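Asks: Please find one structure pasted underneath; my questions will follow.
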Amino acid sequence: MSLLFATWIKFFFLFAPFFVLSMFLALTRGETTKSRRQVANKAIIAAAAISVVLIFFGGSLFAVLGITLDSFRIGSGILLFMSALSLVKDGTRNHATGMPNEQREDISVVPLAVPTIIGPATIGTILVYGADFQGWDLLIGLMGLFLALLSLGIILYSGSLIEKLLGPTGLNILSKITGLVLSAMAAQIFMSGVMGFLTPLVQG
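Written out as structure tokens, the structure reads:
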């Protein structure tokens with residue numbers, strides 16, 4: 001149960017829910033509540049499908065490309081830290097700047113699911129987590145992932161109400177807090193990769 005809770009919390013913050021909400025509100029401004037919820041449904045389903053593929057085929061991708069898990073931990077840790085730093089500094093992810101101005105017929109998959117929910121740093125981190133999950137931990141990891149996406153979906157469903165309660169400033173503050181949590185996660189992933197490289201050298 002503790003692993004499920006920890007995995008859920010990690011994925012929840014990884015998806016930067018309050019930043020996603022602010023983007024969602026900007027991209028669907030002027031839409032009806034029903035229309036907004038349809039967009040939210042499609043975005044969450046798309047994000048779930050992409051995440052599951054990344055978790056199941058992450059290990060195979062490492063093998064094909066000849067990349068070690070520790071090297072990917074270091075790379076994804078750096079990317080995640082850059083994304084977290086952007087959230088803390090500007091309240092937005094660095095890969096999504098200016099996206100609310102884009103006009104698209106269907107924004108549920110692009111740009112909402114990708115790259116707003118599933119961005120470069122998120123992809124790298126999910127690949128690392130997927131490679132770490134073994135046996136029953138994989139099932140627990142998937143449950144944590146789905147709980148996080150369900151939580152994000154509930155937030156998007158309640159977007160109009162949350163916007164009225166918190167306003168742009170409140171959402172911006174919550175995005176910055178999310179960035180702080182992500183920076184700690186990034187540091188942990190990065191250091192585990194570094195330790196993976198250094199341990200054989202020290203023991204040798």
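The opening residue of the sequence shown carries number 1 in our numbering; numbering runs sequentially from there. Even glycine gets a Cβ: it sits at the ideal position worked out from N, Cα and C. Please read these numbers as outputs of a predicted model, since none were measured by experiment.
1) Which term fits phenylalanine 15, buried or exposed, when burial requires 16 or more other beta carbons within 10 angstroms of its beta carbon?
2) Mapping DSSP to helix, strand and coil, what is threonine 199?
3) Just curious, the alpha helix (DSSP H) that glutamine 38 is in, first and last residue?
4) Using three-state DSSP, classify serine 158 as helix, strand or coil.
5) Quick check on the DSSP output: the alpha helix (DSSP H) that includes serine 108 runs from which residue to which?
6) Have a look at serine 151 and glutamine 203 and give me their C-alpha separation to the nearest angstrom.
7) Just curious, the alpha helix (DSSP H) that proline 120 is in, first and last residue?
8) The alpha helix (DSSP H) with glycine 77 in it runs from where to where?
Replies: So, from the data block:
1) buried
2) helix
3) 33-65
4) coil
5) No alpha helix (DSSP H) contains serine 108, which DSSP labels as neither H nor E.
6) 43 Å
7) 120-132
8) 69-90
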